[in-house]
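Following: one structure in structure tokens, then a few remarks.
2 protein chains.
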Amino acid sequence: MTTRHVWRLAQRPVGDIADGDLVYGAEALPPLADGQFLLQVIYLSLDPTNRIWMSDQEQYMPPVEVGAPMRGGVCGRVIESRKAGVAVGDLYAGLGEWADHIVTTGLGLSSLPSIPGIPLATLFGTLGLVGPTAYFGLLDIGQPKPGETLVVSAAAGGVGQVVGQIGKIKGCRVIGIAGGQAKCDYVVNELGFDACIDYKSQDVGAELDRLAPDGVDINFEQVGGPIMVAVLERMKLFGRVPLCGMISQYNDVDGSEPPGFWTMMLMRRLTVRGFIVTDFLPRFPEAAQAMLGWIMAGQLKTRQDIRPGLEHAATVVKDLYSGGNFGKLLVEVSPPA
Amino acid sequence: MTTRHVWRLAQRPVGDIADGDLVYGAEALPPLADGQFLLQVIYLSLDPTNRIWMSDQEQYMPPVEVGAPMRGGVCGRVIESRKAGVAVGDLYAGLGEWADHIVTTGLGLSSLPSIPGIPLATLFGTLGLVGPTAYFGLLDIGQPKPGETLVVSAAAGGVGQVVGQIGKIKGCRVIGIAGGQAKCDYVVNELGFDACIDYKSQDVGAELDRLAPDGVDINFEQVGGPIMVAVLERMKLFGRVPLCGMISQYNDVDGSEPPGFWTMMLMRRLTVRGFIVTDFLPRFPEAAQAMLGWIMAGQLKTRQDIRPGLEHAATVVKDLYSGGNFGKLLVEVSPPA
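In order, the protein sequence lines correspond to chains A and B. Residue 1 is where the first sequence starts when you use my numbering, and the numbers rise one by one after that. Residue 338 is where the second sequence starts when you use my numbering, and the numbers rise one by one after that.
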């Protein structure tokens, strides 16, 4: 193995990601030094936050430097090792690069156990970061109680589908918001959501008034923009807003965002809390254990949207910002088995 | 006793409270029915939230009806009783009216014990509602840790002075924001705040940059407007914002408020939580016990701004919105002893 393929950030996108912002090419792989191993990437996780990393806006970790390999969540198999304790064939997952091979000391990666009956795409795509995001955001911040009304935007996406199902497990009435009839049908019929609003063909505010006439206890916020405003306006007393993302705004050039709702937050005694899943890193085993249990019990289903070919990653990632993915978006870089 | 004096809400203020919005007059006192008692009001508490009650904006309890007696916090002495267990001479405090006498069943009032060495104005004015507001807002929502930086707006006001001192007790670095040198000197020299910014003569943002170059962990928010914005822009990662009030906006006709800081809340993982002190009613004894202990130990000082004469209440209340009070604002309706 002497070359690899990799996407590098050539320039910071302005607005939507454009051709030439990311460039794909082959480059020489350095030989392994002591303490390093070579990971063959199987899946690359594409996530809304990728667009933030490409920018130099205020963010929660350093932006990707222009010229550097694009950062991404990866899982892969060790194919060569000069690190003690790391054997060829071991699976690792964590923060890596948009590349088919990665030379690493293991920093930012952790060992990924195989679990019989659970495909690697589920294990990595859903239980890796998306699941803990849903788990801690909903349970720690949302604090759902039986009978409460939970609204989940981006309901058919990687995080949204898990949030809604955990909400059902906790006894909530769950209303999803998604784009298109197919996604709405999926979260209601396959995942057991109580209802789903198709923001592409329905008036979100009017539908919320109809489906939740008493208002919303928990708004698991992922999208920002007018949909966020429609839900916030309908929050109940003592409502909670786990602020997970605002994907509709990541490509905004002018940085506009919903107005302040300060007076309403005060009068209705709302709690709004922003979070990033890595804030909960020490508690990841708790989330994994709970979610594995729910999967085994048939209470938690997940759907991955797997696209083959690393060379398409820069095109595929755009689907996240146009609602083009249906489930957790992964690129299959090499065959899982 | 056959007549009383009372302020009634004649019309809802538009913008600042104007002459004629509240009208003062004498009216007949009905005879006591069984189960009622007659309270002679000693102190009327004037609080920022009074302006909200005068309006019909969204709020946390029903607005005062036009034509009805103005609602207010009161304490007083029983001078006549037809209620079992309530004796002439007993002290009661709670929600009442802007009046010198109140016929009541006791609903919304609770018995106020005398505590040797603590003046009634302190007991009622500070420990009654203002103290618990500071206590629960700072400790439950702000969750101060030793070495953290706490910013308190309206620092010399009823709530602010207590917030800052509890912050010091908990080991925080405390920066007040107040209007004028006298208030700033008071909170620093008398109450032990580490610093105070005079928003009337200083640039709040620039002073915060100087006094808290690493940012703000807790913003105990009471004022809204540009001061709130200046503090929010300087919040640290995982900062907390107990949202207690936004007094600068209560007289706004256009309802403008600070912009949304949603992206910043997400990236810095802030927690914003609105609260009203009565949300914590079941835990008031906890606050009273702690604060009495601090007062006895000399760690908690409070200042009341006592104005004589119920007939001036509608003028005096305006001082709250112009920074004209210095300490907890009370009207002395009748002599305390």
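All C-beta atoms in this analysis are idealised placements derived from N, C-alpha and C, irrespective of residue type, glycine included.
| Quick one: what's got a C-beta closer than 6 Å to B/PHE575's C-beta in the same chain, skipping five residues either side? | On the second sequence, residue 575 of chain B is found 238 positions in, with the first residue counted as 1. Here the set comprises ARG606.
| query | Nearest chain B C-beta to A/ARG82 closer than 9 Å, yes or no? | reply | Your numbering for residue 82 of chain A matches position 82 in the first sequence. No, A/ARG82 does not count as interfacial toward chain B.
| query | Below 9 Å between beta carbons: does that hold for B/ALA491 and B/ILE613? | reply | On the second sequence, residue 491 of chain B is found 154 positions in, with the first residue counted as 1. On the second sequence, residue 613 of chain B is found 276 positions in, with the first residue counted as 1. No, these two residues do not count as a Cβ contact at 9 Å.
| said: Contact between the stretch 286 to 306 of chain A and the stretch 639 to 656 of chain B is defined here as three or more beta-carbon pairs at a separation below 8 Å; is this criterion met? | reply: no
| task | Verify the CB distance criterion: does A/ARG273 have a CB-CB separation below 9 Å to chain B? | result | Numbered from its first residue, the first sequence carries residue 273 of chain A at position 273. Chain B contact via Cβ: present.
| task | Please state if the CB of B/VAL378 and the CB of B/GLY431 are separated by a distance shorter than 9 Å. | result | The sequence position of residue 431 of chain B within the second sequence is 94, counting from 1. The sequence position of residue 378 of chain B within the second sequence is 41, counting from 1. It is not a contact, given that the beta carbons lie outside the stated cut-off.
| field | Alpha carbon of B/ASN556 to alpha carbon of B/VAL653, nearest angstrom | value | Translated into positions along the second sequence, residue 556 of chain B becomes position 219. Translated into positions along the second sequence, residue 653 of chain B becomes position 316. If I take the Cα positions, the gap works out to 28 Å.
| query | Listed from N- to C-terminal order along the chain, which residues in the stretch 48 to 64 of chain A have their beta-carbon within a distance smaller than 7 Å of any beta-carbon of chain B? | reply | GLU58, GLN59, TYR60
| field | Boundaries (first-last residue) of the beta strand (DSSP E) holding A/GLY293 | value | As a first step, residue 293 of chain A must be located in the first sequence, where it is residue number 293. First-last for A/GLY293: 284 to 296, but that is the alpha helix (DSSP H), not the beta strand (DSSP E).
| message | Taking the beta carbon of A/THR126 as the centre, do at least 16 other beta carbons fall within 10 Å, making it buried, or is it exposed? | response | As a position in the first sequence, residue 126 of chain A is number 126, starting the count at 1. It counts as buried.
| Exposed unless 16 or more other CB atoms sit within 10 angstroms - verdict on B/GLY372 | Start at 1 with the first residue of the second sequence, and residue 372 of chain B comes out as number 35. Result: exposed.
| message | Considering only their Cβ atoms, is the gap separating A/LEU112 from A/GLY128 smaller than 9 Å? | response | Locating residue 128 of chain A in the first sequence gives position 128, where the first residue counts as 1. Locating residue 112 of chain A in the first sequence gives position 112, where the first residue counts as 1. Yes, they are a contact pair.
| query | Does DSSP put B/THR386 in a helix, in a strand, or in coil? | reply | Indexing the second sequence from 1 puts residue 386 of chain B at position 49. In the structure shown, B/THR386 sits in a helix (DSSP, three-state: H, G or I).
| request: Identify each residue in the stretch 600 to 625 of chain B for which the Cβ-Cβ distance to at least one residue of chain A is less than 9 Å, and report them in chain order. | output: THR600, MET601, MET602, LEU603, MET604, ARG605, ARG606, LEU607, THR608, VAL609, ARG610, GLY611, PHE612, ILE613, ASP616
| message | Closer than 8 Å to a non-hydrogen atom of the ligand ADP - does that hold for the CB of A/PRO116? | response | With respect to small molecules bound, the structure shown includes none, and the ligand ADP cannot be examined in it.
| field | In DSSP terms, what A/ALA99 is bridged to | value | Against the first sequence, residue 99 of chain A aligns to sequence position 99. Its beta-bridge partners are A/VAL6.
| field | Beta-carbon proximity list for A/ILE17, same chain, < 6 Å, skipping 5 on both sides | value | Counting from 1 along the first sequence, the entry for residue 17 of chain A is found at position 17. Here the set comprises LYS318.
| Who are the neighbours of A/GLY298 on chain B, taking C-beta pairs under 7 Å? | For the purposes of this step, residue 298 of chain A is identified with residue 298 of the first sequence, where counting begins at 1. The premise fails here: A/GLY298 is roughly 33 Å from chain B at the closest Cβ pair, so nothing lies under 7 Å.
| Along chain A, which residues have their Cβ under 9 Å away from the Cβ of B/MET572? | As a working mapping, residue 572 of chain B is identified with position 235 in the second sequence. Correct list: empty, because the minimum Cβ distance to chain A is about 11 Å.
| field | Under 9 Å between C-beta atoms of B/TYR287 and B/LEU667 | value | Given a span of 338 to 674 for chain B in the structure shown, any question on residue 287 of chain B remains unanswerable.
| task | Mind checking who A/CYS196 pairs with in its DSSP beta bridge? | result | Sequence index remark: in the first sequence, residue 196 of chain A carries index 196 (1-based). Per DSSP, A/GLY176.
| By DSSP, does B/MET572 sit in helix, in strand, or in coil? | Counting from 1 along the second sequence, the entry for residue 572 of chain B is found at position 235. The answer is strand: DSSP assigns B/MET572 an E or B state.
| query | Taking any Cβ of chain A, which residues in the stretch 543 to 562 of chain B have a Cβ under 7 Å from it, in chain order? | reply | GLY561
| When B/GLU594, B/VAL500, B/ILE506, B/TYR429 are compared against B/GLY664, the one with the closest alpha-carbon | As a first step, residue 664 of chain B is located in the second sequence; it is residue number 327 there, counting from the start. With distances taken between Cα atoms, B/GLY664 lies closest to B/VAL500.
| In chain A, which residues lie with their C-beta within 7 Å of the C-beta of B/PRO456? | Position 119 of the second sequence holds residue 456 of chain B. Result: empty, since nearest Cβ-Cβ is about 31 Å, beyond 7 Å.
| field | the stretch 223 to 239 of chain A contacting the stretch 545 to 560 of chain B, beta-carbon criterion three pairs below 8 Å | value | no
| Continuous alpha helix (DSSP H) stretch holding B/CYS521: start and end | Here residue 521 of chain B refers to the residue found at position 184 of the second sequence. 518 to 522 is the extent of the alpha helix (DSSP H) around B/CYS521.
| said: On a Cα-Cα basis, can you pick out the residue from B/MET628, B/LEU657, B/GLY517 that is closest to B/GLN539? | reply: On the second sequence, residue 539 of chain B is found 202 positions in, with the first residue counted as 1. Nearest of B/MET628, B/LEU657, B/GLY517 to B/GLN539, Cα basis: B/GLY517.
| field | Close-in-space but distant-in-sequence residues of the same chain around A/ALA28 (CB under 7 Å, 5 per side omitted) | value | Taking the first residue of the first sequence as 1, we reach residue 28 of chain A at position 28. Once the five neighbours on either side are set aside, the close Cβ partners of A/ALA28 are THR2, THR3.
| task | Could you list the residues in the stretch 153 to 174 of chain A with a C-beta less than 9 Å from some C-beta on chain B, going in chain order? | result | none
| field | B/LYS665: first and last residue of the uninterrupted beta strand (DSSP E) it sits in | value | Against the second sequence, residue 665 of chain B aligns to sequence position 328. Where B/LYS665 is concerned, the enclosing beta strand (DSSP E) stretches over 665 to 669.
| query | In the stretch 303 to 331 of chain A, which residues sit with their C-beta less than 8 Å from some C-beta in chain B, listed in chain order? | reply | none
| Within chain A, the residues that B/LEU476 reaches when beta carbons sit closer than 8 Å | Position 139 of the second sequence, counting from 1, holds the residue named residue 476 of chain B. By Cβ distance, chain A contributes nothing, its closest Cβ being about 16 Å from B/LEU476, past 8 Å.
| field | Beta-carbon proximity check, B/GLU558 vs A/MET264, cutoff 9 Å | value | Along the second sequence, read from residue 1 onward, the residue named residue 558 of chain B stands at position 221. Along the first sequence, read from residue 1 onward, the residue named residue 264 of chain A stands at position 264. Contact: no.
| query | If we call anything under 9 Å between Cβ atoms a contact, is A/ILE177 one with A/VAL223? | reply | For the purposes of this step, residue 177 of chain A is taken as the residue at position 177 of the first sequence. For the purposes of this step, residue 223 of chain A is taken as the residue at position 223 of the first sequence. Going by C-beta atoms, A/ILE177 is nearer than 9 Å to A/VAL223.
| task | Write down every uninterrupted run of the beta strand (DSSP E) in the stretch 438 to 518 of chain B whose length is 3 residues or greater and which is fully enclosed by it, in chain order. | result | 438 to 441, 446 to 448, 486 to 490, 510 to 515
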